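Beneath this line is the structure, given in structure tokens, with notes to follow.
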Amino acid sequence: MTPLTSEFASRFAAIALGHVTREYPNHILHGLEGPEDAKTPSELHPVFYGSYDWHSCVHGYWMLARLLRLHPDMPEAPAIRDLFSTMLVPDRIAGECAYFDRPMARGYERPYGWGWLLKLAAELHGHEDPSWGAALSPLTERIVQRFRDFLPLATYPVRVGTHYNTAFALRLAADYADTVGDDILFELLRATALRWYGTDTACPAWGEPSGDDFLSPALIEAECMHRLMPASEFARWFDAFLPDIAASKPRTLFAPAAVSDRSDGKIAHLDGLSLSRAWCWACLAGTLPVTDPRRPVMIEAAHGHLEAGIAHVAGDYMGEHWLASFAVLALTETE
């Protein structure tokens, strides 16, 4: 895969710094219990009010934290530090916690935003300034409890290619549990993944891509199982789940999606699909021996998808407010 060069890091950081505190345009999925709940985005969310929507703002912060850790001397580093020292502070996080404490917020940002919040917490764990992660911790604890309360109730997974996909959330949450040593949470995530996906075989992927996918339901399920299963068990599961990879089948997983209108927020999701597929293909290829005939096929698919998506992380705000995060995921989270 293409490395995260200093040029890429600087470019992506500048993009995120331009939108994580940009309040408008804004898309709010907000339940009102009364007229007093009709507030502006920054009144509802003292930290994560930018980037068009809450979850995109959260993973914008994750990306900035990741870039700062990997490139601490890049030109944008002082601005990132100033942002975090201004925004990731106890009183602002208390406002975010208050939102999640509202009765109508029980399912708010479930599961996509939950997963990204824990991914941010994992990135801040052991970062250069421990006060950032410490300030976030009350919100982190609330999201961990959300997972603990919800997963035992979730009889079925959600297999779409958008925010409601449950495999993606488990995958991100697993990184947090592993990073901080929360064995109880990790085992809950593992048990849930096995309950939901453990008997899946011969995935046809015939419905991919849908018109607004930014995740591959097939590939993110496989990557979720890779993250949560012991290696030997995963190898057997993966062989049965996608048995024809060496022949580039299912063919729907190997061709980047065509994006007809990047000013349409839903259609622009398809650029994110290319980037998330690149991440999944590269991670999954890394589980195979170098002599495995599937490996070069998967690496080629990863490169093709990355090239298709990374060219479009900026331009129209419908993609620009989030796509760079997925590019950084693809560039920094592969084996």
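Going by full-length UniProt numbering, the sequence shown opens with residue 1, and the numbers climb by one from there. From the three backbone atoms N, C-alpha and C, an ideal C-beta is built for every residue, glycine too. Just so it is clear, the structure is predicted and the values come from calculations on it, not from any experiment.
- Annotated three-state conformation of F186 is helix, per DSSP.
- Using a C-beta cut-off of 8 Å, the region 29–36 makes no contact with the region 286–304, since fewer than three inter-stretch Cβ pairs fall below that distance.
- Counting C-beta pairs closer than 8 Å gives fewer than three between the region 235–247 and the region 303–316, which falls short of the contact rule.
- Within the same chain, and ignoring the five residues on either side of W116 in sequence, the residues whose Cβ sits closer than 8 Å to its Cβ are H55, V58, H59, W62, L172.
- Secondary structure note for P138: its alpha helix (DSSP H) is the uninterrupted segment 130–150.
- The Cβ atoms of A16 and L70 lie no closer than 8 Å to each other.
- By the 16-neighbour rule on beta-carbons within 10 angstroms, M225 is buried.
- In the structure shown, G198 adopts coil according to DSSP, grouped into three states.
- Using a Cβ distance threshold of 8 Å, I80 and N165 do not count as a contacting pair.
- With a threshold of 16 other beta carbon atoms within 10 Å, P3 falls short and is exposed.
- About 6 Å separates the Cβ atoms of S260 and I267, confirming a contact at the 8 Å cut-off.
- Distances from the CA of I93 to each of E23, P217, L136 were compared; the closest alpha carbon is that of L136.
- Residues F12, I15, A16, M63, V313 of the same chain have their beta carbon placed closer than 7 Å to that of A324, with the five preceding and five following residues left out of the count.
- C203 sits in coil when the DSSP states are folded into three classes, being neither helix nor strand.
- Taking 8 Å as the cut-off, the Cβ atoms of L118 and T162 do not count as close.
- Contact annotation, L170 with A154: C-beta distance approximately 10 Å; criterion of less than 8 Å not satisfied.
- Using a Cβ distance threshold of 8 Å, R110 and R66 do not count as a contacting pair.
- In the structure shown, E208 falls within a coil segment according to DSSP collapsed to helix, strand and coil.
- Secondary structure at P217: helix, using DSSP grouped into helix, strand and coil.
- For F254, same chain residues with a beta-carbon under 6 Å away, outside a window of 5 residues either side, are S248, A301 in chain order.
- Assigned with DSSP and collapsed to three states, P296 falls in helix.
- L124 and G107 have their C-alpha atoms spaced approximately 25 Å apart.
- A direct Cα-to-Cα measurement between I310 and D316 gives close to 14 Å.
- Per DSSP, I80 is one residue of the alpha helix (DSSP H) stretching across 77–87.
- Spatial neighbours of R190 in its own chain (CB-CB distance under 7 Å, excluding positions within 5 residues in sequence) are listed in chain order as L228.
- Contact between C97 and P138 holds: their C-beta atoms lie close to 5 Å from each other, under 8 Å.
- A direct Cα-to-Cα measurement between M318 and R262 gives close to 7 Å.
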